Amino acid sequence: MSEDDEIDLRALSNDELVEQMHDDLYDGLREEIVEGTHILLERNWAPDKVLNDALVEGMRVVGIDFRDGILFVPEVLMAANAMKGGMQLLRPLLAETGAATIGKMVAGTVKGDIHDIGK
């Protein structure tokens, strides 16, 4: 299959789809992540399972390769943007589950710091 051939995400098994989503996150492919998230939800996956198994696990791989110097900040930002696409679908569904919150997180920055990576 050439790189120009599109993969039919709906034709993939759940495991294949999750692996493809990891690859798509790595490549920063937001539209594919949104589509994959839709498909898993249509297949009755719980929103937290989609989040943990497909999105967070894919970003874990991105983080490892960033740590090891294989990926650089622009690629990490592209992956994060792709994940945000999936999170836009999952956020309201996760809120509807009524799951108890673990707690609150507070983040601070130095006054005037324009950077947003690592917060």
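Here the sequence shown is numbered in this note's numbering, starting from 60 and rising by one per residue. All residues carry an ideal CB built from backbone N, CA and C; glycine is no exception. In this text, all values refer to a predicted model and were calculated from it rather than measured experimentally.
- Message: Given a cut-off of 7 Å on the beta-carbon distance, is the pair L71 and P106 in contact?
- Response: The sequence position of residue 71 within the sequence shown is 12, counting from 1. The sequence position of residue 106 within the sequence shown is 47, counting from 1. Not closer than 7 Å, so no.
- Query: Do V109 and T96 come within 7 Å of each other at the CB atom, strictly closer than that value?
  - Reply: Counting from one through the sequence shown, the residue named residue 96 turns up at place 37. Counting from one through the sequence shown, the residue named residue 109 turns up at place 50. In contact: T96 and V109 (Cβ atoms closer than 7 Å).
- Query: Is it buried or exposed for Q147, if we count other Cβ within 10 angstroms and need 16 for buried?
  - Reply: One-based indexing of the sequence shown puts residue 147 at position 88. That one is exposed.
- Where D127 sits in the DSSP three-state scheme: By one-based count along the sequence shown, residue 127 stands at place 68. In the structure shown, D127 sits in coil (DSSP, three-state: anything other than H, G, I, E or B).
- Hey, quick one: how far does the alpha helix (DSSP H) through N73 stretch, first residue to last? The count along the sequence shown starts at 1 and reaches residue 73 at position 14. It spans N73 to Y85 - the alpha helix (DSSP H) in which N73 sits, taken as one unbroken run.
- Message: So, at 8 Å on beta carbons, what are the nonlocal neighbours of K143 in its own chain, with the 5 sequence-adjacent residues on each side left out?
- Response: For the purposes of this step, residue 143 is identified with residue 84 of the sequence shown, where counting begins at 1. Hits under 8 Å: R89.
- Message: Quick check on the DSSP output: the alpha helix (DSSP H) that includes N140 runs from which residue to which?
- Response: Sequence index remark: in the sequence shown, residue 140 carries index 81 (1-based). Here the alpha helix (DSSP H) through N140 covers V132 to E155.
- Item | Cβ neighbour criterion (16 or more within 10 Å) applied to M118 | The residue labelled residue 118 in the question sits at position 59 within the sequence shown. By the 10 Å Cβ count, M118 comes out buried.
- If you draw a straight line from the alpha carbon of M60 to that of M137, how long is it in whole angstroms? Numbered from its first residue, the sequence shown carries residue 60 at position 1. Numbered from its first residue, the sequence shown carries residue 137 at position 78. Reliability fails at M60, whose pLDDT of 44 lies under 50, so the model's placement of it is uncertain and the value that follows must be treated cautiously. Roughly 25 Å between the two C-alpha positions.
- Task: Return helix, strand or coil for V115, following the three-state DSSP convention.
- Result: Here residue 115 refers to the residue found at position 56 when the sequence shown is read from its first residue. Of the three classes helix, strand and coil, the one that applies to V115 here is helix, per DSSP.
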